[in-house]
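Notes for the one structure printed next.
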Amino acid sequence: MRSTSIDVLRGIAILGILFMNIPFHANMYLGYVPFDPMLMSDKLMTLFYSIFADGRFRTLFCILFGAGIAIQYDSCKRKGMDTTIFLKSRLNWLLLFGFFHGVLIFGGDILMLYSVVGFVLIKGLSHDPDVLLQKAHKFLVIGSALILLSAFLLVAFADPTELIVRGTEQYLEDIELWQGNYGFQTLINAGFSIGLLIMSPLCIFWQTLGLMYLGVYLYRTDFFTQGFSSSTFTKIVISSIISTLLLIAPQLLIDNLSAEVIPLLSSISAIFVGLVYAHVVVKLCQTSGRFSQLLANTGKVAFSLYILQSVVIAILLRGIVPDFGLTATHIDYFLIALSFTVIQIVIANLYLFKYEQGPLEKSWRKLYSRSVDKKLRALGKTQDNNVSSQ
Numbered sequence: 001m002r003s004t005s006i007d008v009l010r011g012i013a014i015l016g017i018l019f020m021n022i023p024f025h026a027n028m029y030l031g032y033v034p035f036d037p038m039l040m041s042d043k044l045m046t047l048f049y050s051i052f053a054d055g056r057f058r059t060l061f062c063i064l065f066g067a068g069i070a071i072q073y074d075s076c077k078r079k080g081m082d083t084t085i086f087l088k089s090r091l092n093w094l095l096l097f098g099f100f101h102g103v104l105i106f107g108g109d110i111l112m113l114y115s116v117v118g119f120v121l122i123k124g125l126s127h128d129p130d131v132l133l134q135k136a137h138k139f140l141v142i143g144s145a146l147i148l149l150s151a152f153l154l155v156a157f158a159d160p161t162e163l164i165v166r167g168t169e170q171y172l173e174d175i176e177l178w179q180g181n182y183g184f185q186t187l188i189n190a191g192f193s194i195g196l197l198i199m200s201p202l203c204i205f206w207q208t209l210g211l212m213y214l215g216v217y218l219y220r221t222d223f224f225t226q227g228f229s230s231s232t233f234t235k236i237v238i239s240s241i242i243s244t245l246l247l248i249a250p251q252l253l254i255d256n257l258s259a260e261v262i263p264l265l266s267s268i269s270a271i272f273v274g275l276v277y278a279h280v281v282v283k284l285c286q287t288s289g290r291f292s293q294l295l296a297n298t299g300k301v302a303f304s305l306y307i308l309q310s311v312v313i314a315i316l317l318r319g320i321v322p323d324f325g326l327t328a329t330h331i332d333y334f335l336i337a338l339s340f341t342v343i344q345i346v347i348a349n350l351y352l353f354k355y356e357q358g359p360l361e362k363s364w365r366k367l368y369s370r371s372v373d374k375k376l377r378a379l380g381k382t383q384d385n386n387v388s389s390q
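Following UniProt numbering, the numbering of the sequence shown begins with 1 at its first residue and continues without gaps.
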């Protein structure tokens, strides 16, 4: 039986990710380029994102990815299936999907990294909850330390004179290089997506692994049906407030802080804020029926919506209105993401009114089931591959 709270959280995560990714969908090469002088609206939106959005939805997604693998693992164990063959087949195909997505459409792909981290995670799924929590804590501390070190190095060695701003000759040359040149776009996408994967052990790999272990722990301790205890939730709220205040301080105190530093700092406070979001959603799912179902349906087709976001926004901002980015502000991108969020919710609910699975979810399941069958036949085994898709 599917967990409504997990589906709702997954829906919120996939919808929220677009708000942070949309400038990079428009231009992976430059991302969001600030105005000179920086607009007050951009300053406020950057601060808003740092407090409420930046890294928060990625945190939820990592936790849910770990919980999802734990659900599949437990389902395999109940059915007497080979958990390693099943889970690795799923991750192999997800890795392939991520490769094509990252290279051909959007260089900010997360599927490849999550798949590789998932391969490491499955080795620890048999541990009891206490050990899972210890591993989560260890990897989150290691990951956060590496992220803080990376942020410090970026601040220490950044050259403010190299900052690209709107309207400069360098900016216009880079825009001309990017626009209408799919070969160059593919090269940049490949460099970012594959480069992120290769360099991840130096930065975000360990935090991602820690969050996935935390997701397994939360699932095994019935968090997604009960939430945290009052005392635990209070501690997490306090931690989220303190960490957020500490990590937005550099934005307020350092002029022209590198745009690459802000997401790194936000990813640490996002651990606590993401847990606050998760607890609130779990509690709301206990009382809100219809509203929860709308978002739950979005979560059921999250894979399909994730790729749909990339395709639609790429066509819109790179094909139909490529010059939009020349004058677009953070508010402009926010409004596009908000509009497409409503569209995605409508699409998900209309689609599931007729079909049981999203198109990519269904294709993925067919592909990994075929791989599992092939591997089992090679070993002289036959098993039922009908495992929970959550």
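Cβ coordinates follow ideal geometry from the N, Cα and C atoms, glycine included.
Please determine if the stretch 165-185 and the stretch 253-270 are in contact, where contact requires at least 3 C-beta pairs separated by less than 8 Å.
no
At a cut of 8 Å, does the stretch 134-146 reach the stretch 44-58 through at least three beta carbon pairs?
Short answer: they don't touch.
Which runs of the alpha helix (DSSP H) at least 4 residues long sit entirely within the UniProt domain "DUF418" (218-368)? Give them in chain order.
Qualifying alpha helix (DSSP H) stretches, in chain order: 223-226, 230-253, 261-285, 290-300, 302-314, 330-354.
Would you be able to state if there are at least three C-beta pairs under 8 Å between the stretch 248-257 and the stretch 104-112?
no
Could you please give the first and the last residue of the uninterrupted alpha helix (DSSP H) stretch that includes Asp109?
No alpha helix (DSSP H) contains Asp109, which DSSP labels as neither H nor E.
Mark Pro23 as exposed unless 16 or more other C-beta atoms lie within 10 angstroms of its C-beta, in which case mark it buried.
buried
For residue 444, which three-state DSSP category applies?
There is no way to answer for residue 444, as the model of the chain reaches only from 1 to 390.
With a 10 Å radius around its C-beta and 16 neighbouring C-beta atoms as the bar for buried, classify Val342 as buried or exposed.
exposed
Can you tell me which of Leu202, Val131, Leu197, Asn189 puts its alpha carbon nearest to the alpha carbon of Ala151?
Leu202
Consult DSSP for Ser126 and reduce its assignment to one of helix, strand or coil.
coil
I need the straight-line Cα distance from Lys123 to His330, nearest angstrom please.
42 Å
For Tyr219, is the classification buried or exposed, using 16 other Cβ atoms within 10 angstroms of its Cβ as the cut-off for buried?
buried
Do you know how far the Cα of Asp174 is from the Cα of Glu377?
The question names Glu, yet the displayed sequence has Arg at residue 377. The straight-line gap from Cα to Cα measures roughly 53 Å.
So Val8 packs on Ala296, CB below 8 Å; how close in whole Å?
Indeed, because the Cβ distance is near 5 Å, the residues count as touching under 8 Å.
Any contact between the stretch 193-211 and the stretch 55-65? By contact I mean 3 or more CB pairs, one from each, below 8 Å.
yes
Grouping DSSP H, G and I as helix and E and B as strand, with all else coil, what is residue 391?
This structure gives no information on residue 391, because the portion of the chain shown stretches from 1 to 390.
Taking the alpha helix (DSSP H) that Ala190 falls in, what are its first and last residues?
In this chain, the alpha helix (DSSP H) harbouring Ala190 covers 182-199.
Nonlocal neighbours in the same chain, by C-beta distance under 8 Å from Asp332, ignoring five residues either side:
Phe324
Excluding five sequence neighbours on each side, which residues of the same chain lie with their C-beta closer than 7 Å to the C-beta of Val117?
Phe205, Thr208, Leu209, Met212
Starting from Gln72, trace the alpha helix (DSSP H) both ways and give me its first and last residue.
56-79
CB-CB under 8 Å to Leu64, same chain, minus the five flanking residues each way: which ones, in chain order?
Ile6, Leu9, Arg10, Ala13, Gly215
Start and end of the alpha helix (DSSP H) containing Gln170?
169-178
Taking the CB atoms as reference points, tell me whether Leu275 and Ile236 lie closer together than 8 Å.
yes
Where the alpha helix (DSSP H) through Ser5 begins and ends:
4-26
Does DSSP put Val33 in a helix, a strand or coil?
Reduced to three states, the DSSP call for Val33 is coil.
Could you tell me whether the stretch 363-370 touches the stretch 310-323, using the rule of 3 or more Cβ pairs below 8 Å?
no
Mind checking whether the beta-carbon of Gly68 lies closer than 7 Å to any heavy atom of the ligand MN?
Among the components modelled here there is no ligand, and therefore nothing to report on the ligand MN.
Considering Cα atoms alone, identify which of Leu87, Val280, Met199 is closest to Arg370.
Leu87
So, do the stretch 301-314 and the stretch 345-355 have three or more beta carbon pairs nearer to each other than 8 Å?
Verdict: yes, contact present.
I need the straight-line Cα distance from Leu148 to Phe52, nearest angstrom please.
20 Å
Taking just the CA atoms, how far does Gln309 sit from Gln134?
C-alpha separation (whole angstroms): 36 Å.
Could you check how far apart the C-beta atoms of Leu15 and Leu113 are, in whole angstroms? I think they sit under 8 Å.
The beta-carbon separation of Leu15 and Leu113, rounded to 20 Å, does not stay under the 8 Å limit for a contact.
Please return the same chain residues whose Cβ sits closer than 6 Å to the Cβ of Val301, not counting the five positions on each side in sequence.
Ala348, Gly358
Excluding sequence positions up to five away, which residues of its chain have a Cβ less than 8 Å from the Cβ of Val155?
Pro250, Ile254, Leu257, Ser258, Val261
Identify which residue in Asp36, Gln170, Phe35, Cys62 has its Cα closest to the Cα of Ile17.
When only C-alpha atoms are compared, the closest one is Cys62.
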